[in-house]
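The next block holds one structure in the form of structure tokens; read it before the comments.
2 protein chains.
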Amino acid sequence: MKRSERIVAMTHHFKENPRTLTSLPYFVETFQAAKSSISEDIDIIDHMFRNLGIGKLETTAGAAGGVRYIPDFSLDNSKSFISQLIEVLEDPARILPGGYIYMSDVLGDLNWVRTIGKIFASSFKDQEIDYIVTVATKGIPLAYAVGEMLNVPVVIIRRDPKVTEGSTVSINYVSGSSKKIQTMVLAKRSIPEGSNVVIIDDFMKAGGTIQGMISLMKEFNATVQGIGVLAEAEDEDEERRINDYISLLKVQEVDERLQRIKIVPGNLFL
Amino acid sequence: MKRSERIVAMTHHFKENPRTLTSLPYFVETFQAAKSSISEDIDIIDHMFRNLGIGKLETTAGAAGGVRYIPDFSLDNSKSFISQLIEVLEDPARILPGGYIYMSDVLGDLNWVRTIGKIFASSFKDQEIDYIVTVATKGIPLAYAVGEMLNVPVVIIRRDPKVTEGSTVSINYVSGSSKKIQTMVLAKRSIPEGSNVVIIDDFMKAGGTIQGMISLMKEFNATVQGIGVLAEAEDEDEERRINDYISLLKVQEVDERLQRIKIVPGNLFL
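Each protein sequence line maps, in turn, to chains A and B.
First residue of the first sequence: -15, per our numbering; consecutive thereafter.
First residue of the second sequence: -15, per our numbering; consecutive thereafter.
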């Protein structure tokens, strides 16, 4: 096999298995190539991944060593992506009665969703994380996009218990904006004790839902290592219950009468 | 830039943009390389993608021409994957009261989910599809995995209306197994008239939910081009309402007393 052919196969392998350690002998055997050739291939791929701003290959020496792809998404790429996203979301046609913004099409589009996942994953890439946690429904695609990049599984909190979840742990909490009592339910076996989790959601207003997820994680003795929301509403009353989170967008204004939306980059870019 | 470096960047590009046409001049300009060199690069990548069983590059000539990556997942790969999945799912520890199988961990694991998506996408790869449609909650990750490979957006039907969806279309239907009246809701602006859709769900028993989704699609004047379910229950009473679908798994038996699960490959492999 020629170098260029090996490089196709190895680039594919790294992209399919982010953050997964692959031993050099695996490549040597698979491609029937000398270890020195494989090392050169890895250098070329690492160099290009860095050039493309999509991360790097990390090599660890020793018997248990190998190479793994650590995806990244550069701050420049993130900024230009968020500007595009803001342009799309500020379209007045998105204004819904009550001053909400229609975003389901964006959350259904893999190109937007996967890039949002890459930005979150880059922010959390140095933390030890076992699970990405979200609550049904709109945050689910974002949680999977982050999980894909960090190579960790996703756990979905539900609003209602379901027979296919087995025994569950549930909590009740008061929603920050509507002041209604809400329920969250999670299968007992979904998260082992002592896990490290990152919470992902699409939108944060007063922060009640996020606070609910934090409480539920306490029931599982899980440590919340990070919180990421796609968009936050401007917190005029300074009543927000959550302080330590990252947001990609901040919705400053939705004016139904003037048909105007004003969105700025979130606190990740401050 | 050397060939091997270009090949890293191009392999990355094709994997990030499945089924998307890229013109040769784009590559010529990006890499400052001769058109003949780019053509050779494309041949090498195409050859290796085929060898790896992950699809092919499709080249179209002419002014509006270019090259696109059509992902595929070979039948051999699919079969061996499904065998592994069956082994994992037949673990008696998964049996839940009522004869259900706990599958949330599998549906939360990106490695399983993405491969399931590839198998479905391979089955539907020759159809014209505009949207992947699923109903909350468990089918969502599968729908996104299919959407990613087919490069089409995902639309999520909800069980309850939500203010952030704007005006909606809803239907009521009778669930096949529980005989209860259920509701499905979808934002009016989510699917344009005349769209072609594929329905994806995690599980089908009597088929009532799928039938509900088909009815809802009629309200949108959408054509259902295909239906894919991860697992179907054996249809002992031959009461199933849906005939034309593909399944990856068939659950033949869940015996709580004997602590035994029996699963076989679904109708895709018949």
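Beta carbons are placed, not taken as given, at the ideal position from N, Cα and C, and that holds for glycine.
Practice item. Could you please give the first and the last residue of the uninterrupted alpha helix (DSSP H) stretch that includes L254(A)? Key: The residue you call residue 254(A) lines up with position 270 of the first sequence. No alpha helix (DSSP H) holds L254(A); DSSP gives it neither H nor E.
Practice item. Spatial neighbours of D144(B) within its chain, please: CB distance less than 7 Å, with the 5 preceding and 5 following residues excluded, ordered by chain position. Key: As a working mapping, residue 144(B) is identified with position 160 in the second sequence. Excluding sequence neighbours, D144(B) sits near V169.
Review point. Can you find a CB in chain B that lies within less than 8 Å of the CB of E132(A)?
Key: Numbered from 1 along the first sequence, position 148 holds the residue referred to as residue 132(A). True, the Cβ-Cβ gap to chain B drops below 8 Å.
Review point. Roughly how many angstroms lie between the CA atoms of I245(B) and L233(B), to the nearest whole one?
Key: For the purposes of this step, residue 245(B) is taken as residue 261 along the second sequence, with counting starting at 1. For the purposes of this step, residue 233(B) is taken as residue 249 along the second sequence, with counting starting at 1. I245(B) and L233(B): Cα-Cα distance of roughly 13 Å.
Exercise for review: Quick one: grab the DSSP three-state call for N180(B).
Suggested key: The residue given as residue 180(B) occupies position 196 in the second sequence. Correct three-state label for N180(B): strand.
Exercise for review: Return no unless some Cβ of chain A is closer than 8 Å to the Cβ of R52(B).
Suggested key: In the second sequence, residue 52(B) corresponds to position 68, counting from 1. Not closer than 8 Å to any Cβ of chain A, the Cβ of R52(B) fails to qualify, so no.
Practice item. Using a Cβ-Cβ cut-off of 8 Å, state whether D219(A) counts as contacting chain B. Key: The residue labelled residue 219(A) in the question sits at position 235 within the first sequence. It does not: the Cβ of D219(A) has no partner Cβ on chain B nearer than 8 Å.
Check your understanding: Looking at the C-beta of T148(B), does it have a partner C-beta in chain A at a distance below 8 Å?
Key -> Against the second sequence, residue 148(B) aligns to sequence position 164. Yes - at least one Cβ of chain A is within 8 Å of the one on T148(B).
Exercise for review: Write down the C-beta distance between A171(A) and R225(A) rounded to the nearest angstrom, noting that I regard them as a contact closer than 8 Å.
Suggested key: Within the first sequence, numbered from 1, the residue matching residue 171(A) stands at position 187. Within the first sequence, numbered from 1, the residue matching residue 225(A) stands at position 241. Not a contact, Cβ separation roughly 26 Å.
Review point. Under the rule that 16 or more other beta-carbon atoms within 10 Å means buried, what is D110(B), buried or exposed?
Key: Start at 1 with the first residue of the second sequence, and residue 110(B) comes out as number 126. Per the 10 Å Cβ criterion, exposed.
Check your understanding: Is the CB-CB distance between L69(A) and V97(A) below 8 Å?
Key -> Taking the first sequence and counting its residues from 1, one reaches residue 69(A) at position 85. Taking the first sequence and counting its residues from 1, one reaches residue 97(A) at position 113. No, they are not a contact pair.
Point to revise | Residues of its chain near D25(B), where Cβ-Cβ distance is below 7 Å and the 5 sequence neighbours each way are ignored | key: The count along the second sequence starts at 1 and reaches residue 25(B) at position 41. R(-13), R(-10), I(-9), M(-6).
**Study point:** Beta carbon proximity, Y128(B) to chain A, threshold 8 Å
**Key:** Taking the second sequence and counting its residues from 1, the one referred to as residue 128(B) is at position 144. Yes, Y128(B) counts as interfacial toward chain A.
Point to revise | Residues within the region 222 to 245 of chain B neighbouring chain A, beta-carbon criterion of under 8 Å | key: none
Check your understanding: From P9(A), A105(A), D89(A), pick the residue whose C-alpha is nearest to that of G46(A); which is it?
Key -> The count along the first sequence starts at 1 and reaches residue 46(A) at position 62. Nearest C-alpha to G46(A): P9(A).
Review point. Got a sec: which bits of the region -11 to 6 of chain B sit with their beta carbon under 7 Å from any beta carbon on chain A, in order along the chain?
Key: E(-11), I(-9), V(-8), A(-7), T(-5), H(-4), K(-1)
Point to revise | Test: A171(B) CB closer than 8 Å to a CB of chain A | key: Along the second sequence, read from residue 1 onward, the residue named residue 171(B) stands at position 187. Closer than 8 Å to some Cβ of chain A, the Cβ of A171(B) qualifies, so yes.
Review point. Going by the CB atoms, is the gap between I113(B) and V136(B) shorter than 8 Å?
Key: Residue numbering aside, residue 136(B) sits at position 152 when the second sequence is read from its first letter. Residue numbering aside, residue 113(B) sits at position 129 when the second sequence is read from its first letter. Taking 8 Å as the Cβ cut-off, V136(B) and I113(B) qualify as a contacting pair.
Point to revise | Partners in chain B for G123(A), counting only beta-carbon separations shorter than 9 Å | key: The sequence position of residue 123(A) within the first sequence is 139, counting from 1. Chain B residues near G123(A): none, gap ~10 Å exceeds 9 Å.
Check your understanding: Should A215(B) be labelled buried (16 or more other beta-carbon atoms within 10 Å of its own) or exposed?
Key -> Against the second sequence, residue 215(B) aligns to sequence position 231. Under this definition A215(B) is a buried residue.
Exercise for review: Provide the residue(s) that pair with K246(A) in DSSP beta bridges, ordered along the chain.
Suggested key: One-based indexing of the first sequence puts residue 246(A) at position 262. Answer by DSSP bridge pairing, in chain order: E237(A).
Practice item. To the nearest angstrom, report how far apart T207(A) and M201(B) are at their CA atoms. Key: Along the first sequence, read from residue 1 onward, the residue named residue 207(A) stands at position 223. Along the second sequence, read from residue 1 onward, the residue named residue 201(B) stands at position 217. Using only the alpha carbons, I get a separation of about 42 Å.
Practice item. Answer yes or no: does any C-beta atom of chain A fall closer than 8 Å to that of R142(B)? Key: Translated into the one-based positions of the second sequence, residue 142(B) becomes position 158. Closer than 8 Å to some Cβ of chain A, the Cβ of R142(B) qualifies, so yes.
Exercise for review: Could you tell me if I165(A) is buried or exposed, where buried requires 16 or more neighbouring beta carbons within 10 angstroms of its beta carbon?
Suggested key: In the first sequence, residue 165(A) corresponds to position 181, counting from 1. Result: exposed.
Review point. At least one CB of chain B closer than 8 Å to the CB of I29(A): is that the case?
Key: Position 45 of the first sequence, counted from the start, is the residue given in the question as residue 29(A). Yes, I29(A) lies at the interface with chain B (some Cβ there is under 8 Å from its Cβ).
Review point. Leaving out the 5 sequence neighbours to the left and right, which residues in its chain are closer than 6 Å to G212(B) when beta-carbon positions are compared?
Key: As a first step, residue 212(B) is located in the second sequence; it is residue number 228 there, counting from the start. Excluding positions up to five away in sequence, the list reads F104, I184, I230.
Check your understanding: Counting contacts by CB-CB distance shorter than 8 Å, is S174(A) in contact with chain B?
Key -> One-based indexing of the first sequence puts residue 174(A) at position 190. Yes, contact with chain B.
**Study point:** Three or more C-beta pairs below 8 Å linking the region 47 to 65 of chain B and the region 79 to 95 of chain B
**Key:** no
Check your understanding: Taking 8 Å as the CB-CB cut-off, is I38(A) touching chain B?
Key -> Within the first sequence, the letter at position 54 stands for residue 38(A). Output row for I38(A): interface = yes.
Exercise for review: Determine, using beta carbons only, whether S88(B) comes closer than 8 Å to chain A.
Suggested key: In the second sequence, counting from the first residue as 1, residue 88(B) sits at position 104. So yes, S88(B) belongs to the interface.
Practice item. Answer with buried or exposed for E218(B), where buried requires no fewer than 16 other C-beta atoms within 10 angstroms of its C-beta. Key: By 1-based counting over the second sequence, the position of residue 218(B) is 234. Per the 10 Å Cβ criterion, exposed.
Check your understanding: If you count every other CB in all the chains shown that lies within 10 Å of the CB of P76(A), and 16 or more means buried, which is it?
Key -> Counting from 1 along the first sequence, the entry for residue 76(A) is found at position 92. Exposed.
Exercise for review: Kindly indicate if chain B contains any beta-carbon less than 8 Å away from that of D114(A).
Suggested key: The count along the first sequence starts at 1 and reaches residue 114(A) at position 130. It does not: the Cβ of D114(A) has no partner Cβ on chain B nearer than 8 Å.
Point to revise | For G212(A), the residue or residues it bridges with in DSSP | key: For the purposes of this step, residue 212(A) is taken as residue 228 along the first sequence, with counting starting at 1. According to DSSP, which records beta bridges pairwise, G212(A) is partnered with I184(A), I230(A).
Practice item. For P137(A), go through chain B and note every residue whose CB falls closer than 8 Å to its CB, in chain order. Key: Locating residue 137(A) in the first sequence gives position 153, where the first residue counts as 1. What P137(A) touches in chain B: D89, G92, D93, L94.
Check your understanding: Between the C-alpha atoms of V117(B) and R173(B), what's the straight-line distance to the nearest angstrom?
Key -> Position 133 of the second sequence, counted from the first residue, corresponds to residue 117(B). Position 189 of the second sequence, counted from the first residue, corresponds to residue 173(B). Straight-line Cα distance between these residues: approximately 14 Å.
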